[in-house]
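Protein chains in written order, with the working numbering: chain W, 56 to 278; chain D, 56 to 278.
Protein chains: 2
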Amino acid sequence: MSARTPESARDIPEATVARLPVYLRALITLADEGTATCSSEELATAAGVNSAKLRKDLSYLGSYGTRGVGYDVEYLRYQIAREIGVTQDWPVVIVGIGNLGHALANYSGFRSRGFRVVALLDADPVRQAEVVAGIDVRSFDDLDRIVVEHGVSIGVIATPAVAAQDVADRMVAAGITSILNFAPGVLTVPEGVDVRKVDLSIELQILAYHEQRKATAGTEDAS
Amino acid sequence: MSARTPESARDIPEATVARLPVYLRALITLADEGTATCSSEELATAAGVNSAKLRKDLSYLGSYGTRGVGYDVEYLRYQIAREIGVTQDWPVVIVGIGNLGHALANYSGFRSRGFRVVALLDADPVRQAEVVAGIDVRSFDDLDRIVVEHGVSIGVIATPAVAAQDVADRMVAAGITSILNFAPGVLTVPEGVDVRKVDLSIELQILAYHEQRKATAGTEDAS
DNA sequence: CTCGTTTTGTTCTCCTGTTCACAAACTCCT
DNA sequence: AGGAGTTTGTGAACAGGAGAACAAAACGAG
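What follows is the structure, encoded as structure tokens:
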């Protein structure tokens, strides 16, 4: 009753998947503090959600808690890491070594969470002379070889917007099936390829909208 | 029937607010290409959503289209920009001038979309000697003065996780009411302060989960 | 061994967001 | 001027996620 657990959760809601990494981080923090056991209430507070939601989320993974006691921090941490898939290392390539590419290459949070940057690529020959974060920048044309060599399935796009679609196409052609895109604009990819977009200016614009509402709310209650 | 339009949209759903900047960017692209008019179908394609959702989203702002014709690109662009609040300039401070802070300070997408970086702050005196993106890095202690001087209401946190909560507290104390946080972990802020979080490693972990599913899906269909 | 206490796992209800489908409104052609 | 053809705006059904509330299960005291 251990090998290939059949109840290993068929379809976890997308909203839950997005929160699992948050729980994982909270558990790591708790573990570092020496906490061996925690209740759903404690963990929920540490993760910034409410406890009912936390318990429901965890219930999609299985029954890893003990009623009347709580959750074993190390055990739950392992189970979530396994569910997400970060017990193994994921090789990652970063394309576009400008300011943002530099920052990403140097970001320690990747390495510490199961992601290993195996290559930095840039189309500009000038940049290919550089060494960033101990990795030398190579030509974008090496993409195919690197993907095959390291078994890369995740790519990060940190190029200007104009180059992003072309880079994505070549990534897909090389065999990459998950893309994290920092370039603004819409990426078109074939079925089966996952894209997640991070757009810094969109985040600020959302804040600006709410900020504007706060300002006008003060103006209009004079009626 | 023009001044202070009373139908100026009371409560726009959060999901819609998050998409308005995407529409805005798509409209700017269309305008640059010389397109004067577009249908909801065209704009939806350019923005990467379906047309029904687009029309419903726009309907929360008002009736800015013409049936049988479509939308005037420039007019709609202005209306959305006004609704978001990016027709005016928003002063922004960035705290934490490490790798990521550098990248953010140099990011041209902020300036071009109505955000002006008025100060770069860092607690480390060594960094305060630097000049980044034409702005000299100043002491974090100058925060209060700068916020008052420039009327800053939006702050960006690009510090290590351990400093983030303290920075947030001081931002709030200085009068900042919207925070964009790049540091991992949960930020606690008072009622009325908006926080948006961007966590790079969480995005990768979500991709890893789906990647893992793809891999095991191939393994298990042998039953 | 039994009872009370604690905390999980789950069910039910509510609410937000998405999609469909169509009437209203506009243009163009005859 | 009238009718055919488009395209918007929106009402209504549908799906998915959030939160409250409670039953089931474990522990510990006596």
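Glycine included, each C-beta is placed from N, C-alpha and C at the ideal position.
Partner residues in a beta bridge of residue 167 of chain D, as assigned by DSSP, do not exist.
Among the residues facing chain W, residue 266 of chain D is included, as its CB has a counterpart in that chain under 8 angstroms away. Cβ contact annotation for residue 240 of chain D (same chain, cutoff 7 angstroms, sequence separation greater than five): 216, 219, in chain order. When Cβ-Cβ separations below 8 angstroms define contact, residue 258 of chain W makes contact with chain D. Cβ-Cβ separation between residue 234 of chain W and residue 248 of chain W: approximately 7 angstroms, consistent with a contact (criterion under 8 angstroms).
Between the beta-carbon of residue 197 of chain D and that of residue 176 of chain D there is about 7 angstroms, and that keeps the pair under the 8 angstroms contact cut.
Residue contact with chain D for residue 155 of chain W: present (Cβ-Cβ distance below 8 angstroms to some residue of chain D).
Within the stretch 198 to 223 of chain D, the runs of alpha helix (DSSP H) that reach at least 4 residues and sit entirely inside it are, in chain order, 198 to 205. Restricting attention to W/151, W/227, W/194, the CA atom closest to the CA of residue 237 of chain W is found in W/151. Identification of chain D residues near residue 251 of chain W by a Cβ-Cβ cut-off of 7 angstroms yields 258, 261, 262, ordered along the chain. With respect to the 8 angstroms criterion, residue 254 of chain D and residue 229 of chain D are not classified as neighbours on the basis of their beta carbons. Separation of residue 245 of chain W and residue 252 of chain W (C-alpha to C-alpha, rounded to the nearest whole angstrom) is 16 angstroms. The Cβ atoms of residue 119 of chain W and residue 109 of chain W do not sit closer than 8 angstroms to each other. In the three-state scheme derived from DSSP, where H, G and I count as helix and E and B as strand, residue 173 of chain D is classed as strand. Within a 10 Å sphere around the beta-carbon of residue 181 of chain W sit fewer than 16 other beta-carbons, which makes this residue exposed. Residue range 69 to 87 is occupied by the alpha helix (DSSP H) that includes residue 82 of chain W. Per the coordinates, the alpha-carbon of residue 160 of chain W lies some 20 angstroms from the alpha-carbon of residue 232 of chain W. Per the DSSP secondary-structure output, residue 251 of chain D pairs in a beta bridge with D/235.
For the stretch 206 to 233 of chain D, the residues whose beta carbon sits under 7 angstroms from a beta carbon of chain W are, in order, 208, 209, 232, 233. CA-to-CA, the gap between residue 157 of chain D and residue 187 of chain D works out to about 7 angstroms. Look at the beta carbons and you see the stretch 66 to 80 of chain D not touching the stretch 199 to 208 of chain D: under three pairs across the two are nearer than 8 angstroms. Residue contact check for residue 103 of chain D against chain W: a CB pair falls below 8 angstroms. In terms of beta-carbon proximity, residue 149 of chain W stays away from the interface with chain D, with every pair separated by 8 angstroms or more. Here residue 184 of chain D is exposed. Its C-beta has fewer than 16 other C-beta atoms within 10 Å. At a Cβ-Cβ threshold of 8 angstroms, residue 259 of chain W and residue 170 of chain D count as neighbours. DSSP, read as helix, strand or coil, puts residue 193 of chain W in strand. Listed along chain D, no residue sits closer than 8 angstroms to residue 111 of chain W by beta-carbon distance, the nearest being about 18 angstroms off. Only exposed fits residue 124 of chain W, as fewer than 16 other CB atoms lie within 10 angstroms of its CB. Membership of residue 135 of chain D in the alpha helix (DSSP H) is indicated by the continuous run 128 to 139.
Apart from sequence neighbours up to five positions away, the residues of its chain that approach residue 96 of chain W with a beta-carbon distance below 8 angstroms are 106, ordered along the chain. Judged by DSSP secondary structure, residue 150 of chain W falls within the beta strand (DSSP E) whose first and last residues are 145 to 150. Residue-level contact by beta carbon fails for residue 190 of chain W and chain D, as no gap is shorter than 8 angstroms. Here residue 101 of chain W is not near residue 127 of chain W, since their CB atoms are 8 angstroms or more apart. At a cut-off of 8 angstroms between beta carbons, residue 181 of chain W makes no contact with chain D. Just so you know, the alpha carbons of residue 165 of chain D and residue 145 of chain D end up roughly 10 angstroms apart. With the criterion set as a beta carbon lying under 8 angstroms from some beta carbon of chain D, the members of the stretch 133 to 145 of chain W are 138, 139, 140, 141, 145, in sequence order.
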